[in-house]
Structure formats: C-alpha cells, structure tokens
Amino acid sequence: EPEVTQTPSHQVTQMGQEVILRCVPISNHLYFYWYRQILGQKVEFLVSFYNNEISEKSEIFDDQFSVERPDGSNFTLKIRSTKLEDSAMYFCASSEGVRQDLTYGYTFGSGTRLTVV
Amino acid sequence: AQSVTQLDSQVPVFEEAPVELRCNYSSSVSVYLFWYVQYPNQGLQLLLKYLSGSTLVKGINGFEAEFNKSQTSFHLRKPSVHISDTAEYFCAVRGTSYGKLTFGQGTILTVHP
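Top line first, the protein sequences correspond to chains A and B.
Numbering of the first sequence is given in this note's numbering, commencing with residue 51 and proceeding in unit increments.
Numbering of the second sequence is given in this note's numbering, commencing with residue 127 and proceeding in unit increments.
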C-alpha cells in the first residue's frame, strides 16, 4: 500500500536554528498538507499546497514557516528560527484531490517529532 | 468553519467489552466525517469515513460509526475490543468542497485484560 514517508522521525534543534522537515507524498497525489500536534493537544492544520503554491494556511503558519516542493517528489516544511513552542509532532499528508469521485481521506505520514531546546 | 468535540478524553475498557467513542461536530456547511487512529509512535491511520449514503459506516478492525445529522454526531463503536485496539482515536471533519481537516482533541482508548 502506498505510504507517505517523513524524515527524520525525530529531530532535536536549538532555539533559533532553522529546521527542514521532509516528506515524500504518494506519487499520484496532487494535494499536500502539513499538520502539527503539540503534546496533549489537538492535531492542527498548518498549510495546504496545490499546483506549486499554498492554497490555504492557518494563523499558525506565519512568516517563520515556509513550504516547498523542490523536485516534484519531496515536500518540505521549513521553520526559519525555531522557538520552544514549535516543539511538536509534525505530520505530512497527501490526497488525490477533491472531486466527488475521488477518495477524500488523506494519507498521513508517521510524523517527525521536533524538539526545540 | 467547522469544529469537533470528542466528549471523552480517556476511555478505559476491559477486553471483549463493547466501546463507544463520542464525537460531535458543528459546521455551517455540509461535511465529510472521518475517524483516524494513532497507535503509539505511529502516524494517523484512517479507520473509516462518511461521505454520503448510508449513515452506518463500517471501517477497518471491526469498527463502525453512525452519522446522525440531526444530532451532528459521528460516534465510533466496536462490539468487542481487543488489547491491540489501545490507541488514540481522532474524529475529523472537512467541508464537502475543498478544505482542510479539522480534528477533535482525541480520545485515548485503553483496553485492559
């Protein structure tokens, strides 16, 4: 069964450092997403990406965050200057599309646990 | 905008007992509804989804859920749980046009022998 792959599974970084979280979505999927889950809290939407541009973003996704699909297979989330409160599990997801004849459930990766110290 | 409330943060249950995990949602538009499961140290796995049609939806691992539009609920049930069902379960909604998933806060199901 196709999978969404995320690397690394766990990353520890110092406050103020830049981090890049990497994801390889399912190959025929067109929509890509990042979500995060702070320990003990809800899974929260960050951003969606379609046709090489951001299609929707939450208020969490401020100027410190950016996304990119640099080579047609990887989908990355960059945090420019990490804060302690960025510590969370970050999930990548992809979906085929949104038309009624397509599957609407997203496929999620296993997540990257980011710890900012 | 949508919101999801999972009424129980933790549900302890004995093996082979039935279980119901409750989910209520609010939305100003028509929605699709989902249940995801997260096993320890793993990602989110789709259990089942409601898009349209029959309000009783069957998913993987013997789980089912019933969509109740009048009560805006989508409760998850299993008639007999196993130790291996111990996990965190998330209810989620999205609008029927393009849009993000909105998750509930999760329910930790713990199955005791």
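Ideal Cβ placement from N, Cα and C applies to all residues, glycine included.
Handout entry: C-alpha gap between S210 of chain B and V237 of chain B, whole angstroms
Key = The count along the second sequence starts at 1 and reaches residue 210 of chain B at position 84. The count along the second sequence starts at 1 and reaches residue 237 of chain B at position 111. The straight-line gap from Cα to Cα measures roughly 8 Å.
Practice task
Return the CA-CA distance between Q128 of chain B and P58 of chain A, expressed in angstroms with no decimal places.
Solution key: For the purposes of this step, residue 128 of chain B is identified with residue 2 of the second sequence, where counting begins at 1. For the purposes of this step, residue 58 of chain A is identified with residue 8 of the first sequence, where counting begins at 1. Cα to Cα, Q128 of chain B sits roughly 32 Å from P58 of chain A.
Practice task
If I'm right that L235 of chain B touches V130 of chain B with Cβ under 8 Å, what's the distance once you round it to whole angstroms?
Solution key: To locate residue 235 of chain B, count along the second sequence from 1; it is residue 109. To locate residue 130 of chain B, count along the second sequence from 1; it is residue 4. Going by Cβ atoms, the distance from L235 of chain B to V130 of chain B rounds to 17 Å, so no, they are not a contact pair.
Problem - Which listed residue (B:K195, B:Y215, B:A143, B:R148) has its alpha carbon closest to that of H208 of chain B - result: One-based indexing of the second sequence puts residue 208 of chain B at position 82. Comparing Cα positions, the closest option is B:A143.
Exercise for the section: Pull up the distance between the alpha-carbon of E68 of chain A and that of Q168 of chain B, whole angstroms please. Expected result: As a position in the first sequence, residue 68 of chain A is number 18, starting the count at 1. As a position in the second sequence, residue 168 of chain B is number 42, starting the count at 1. Distance from the CA atom of E68 of chain A to the CA atom of Q168 of chain B, rounded to whole angstroms, is 25 Å.
Handout entry: Backbone CA spacing between K184 of chain B and V139 of chain B [nearest angstrom]
Key = Position 58 of the second sequence, counted from the first residue, corresponds to residue 184 of chain B. Position 13 of the second sequence, counted from the first residue, corresponds to residue 139 of chain B. Their Cα atoms are separated by approximately 21 Å.
Exercise for the section: Please specify which runs of the beta strand (DSSP E), each continuous and at least 3 residues long, are wholly inside the stretch 189–230 of chain B, giving them in chain order. Expected result: Within the stretch 189–230 of chain B, the runs of beta strand (DSSP E) that reach at least 3 residues and sit entirely inside it are, in chain order, 190–194, 199–204, 213–221.
Practice task
Report yes if the C-beta distance between F141 of chain A and Y85 of chain A is below 7 Å; otherwise report no.
Solution key: Taking the first sequence and counting its residues from 1, one reaches residue 141 of chain A at position 91. Taking the first sequence and counting its residues from 1, one reaches residue 85 of chain A at position 35. Contact: yes.
Handout entry: Ordered list of beta strand (DSSP E) runs contained in the stretch 103–144 of chain A, each at least 3 residues
Key = Correct list: 103–107, 115–118, 125–129.
Exercise for the section: For the stretch 108–120 of chain A and the stretch 128–140 of chain A, state whether three or more C-beta atom pairs, one from each stretch, are separated by less than 8 Å. Expected result: Touching, yes, given that three or more Cβ pairs across the two stretches are closer than 8 Å.
Handout entry: CB contact check: L170 of chain B to chain A, cutoff 7 Å
Key = Here the question's residue 170 of chain B lines up with position 44 in the second sequence. It does; some Cβ of chain A falls within 7 Å.
Exercise for the section: Could you name the residues of the stretch 226–237 of chain B whose beta carbon sits closer than 8 Å to any beta carbon of chain A, in the order they occur along the chain? Expected result: K226, L227, T228, F229, G230, Q231, G232
Practice task
Determine the DSSP secondary structure at N167 of chain B, reduced to helix, strand or coil.
Solution key: Within the second sequence, the letter at position 41 stands for residue 167 of chain B. The answer is coil: DSSP assigns N167 of chain B none of H, G, I, E or B.
Practice task
Could you give the DSSP three-state label for N187 of chain B: helix, strand or coil?
Solution key: Within the second sequence, residue 187 of chain B is the residue found at index 61, counting from 1. Secondary structure at N187 of chain B: helix, using DSSP grouped into helix, strand and coil.
Exercise for the section: Measure from the alpha carbon of E94 of chain A to the alpha carbon of each residue in A:H79, A:S105, A:F111, A:E103, then state which is nearest. Expected result: In the first sequence, counting from the first residue as 1, residue 94 of chain A sits at position 44. Nearest in C-alpha terms to E94 of chain A, of all of A:H79, A:S105, A:F111, A:E103, is A:F111.
Exercise for the section: Go ahead and label Q150 of chain A buried or exposed: buried means 16 or more other beta carbons lie within 10 angstroms of its beta carbon, across all protein chains shown. Expected result: Translated into positions along the first sequence, residue 150 of chain A becomes position 100. Because Q150 of chain A sits at a pLDDT of 47, beneath the cut-off of 50, its placement in the model cannot be relied upon, and the point is left open.
Practice task
Give a yes or no on whether the minimum CB-CB distance between F99 of chain A and chain B is below 7 Å.
Solution key: Along the first sequence, read from residue 1 onward, the residue named residue 99 of chain A stands at position 49. So, not an interface residue.
Practice task
Less than 8 Å between the CB atoms is what I'm expecting for G47 of chain A and Q56 of chain A, so what's the real figure, rounded?
Solution key: The shown model of chain A, from 51 to 167, leaves out residue 47 of chain A, and the question about it has no answer.
Problem - Exposed unless 16 or more other CB atoms sit within 10 angstroms - verdict on Q197 of chain B - result: Taking the first residue of the second sequence as position 1, residue 197 of chain B is located at position 71. Exposed is the call here.
Handout entry: Alpha-carbon spacing of F193 of chain B relative to Y176 of chain B, whole angstroms
Key = The sequence position of residue 193 of chain B within the second sequence is 67, counting from 1. The sequence position of residue 176 of chain B within the second sequence is 50, counting from 1. Approximately 7 Å between the Cα atoms of the pair.
Practice task
Give the secondary structure of K92 of chain A by DSSP, where H, G and I count as helix, E and B as strand, and everything else as coil.
Solution key: For the purposes of this step, residue 92 of chain A is taken as residue 42 along the first sequence, with counting starting at 1. Correct three-state label for K92 of chain A: coil.
Handout entry: Members of the stretch 134–145 of chain A near chain B, C-beta cut-off 7 Å
Key = Of all residues in the stretch 134–145 of chain A, the ones placed with a Cβ closer than 7 Å to any Cβ belonging to chain B are F141, in chain order.
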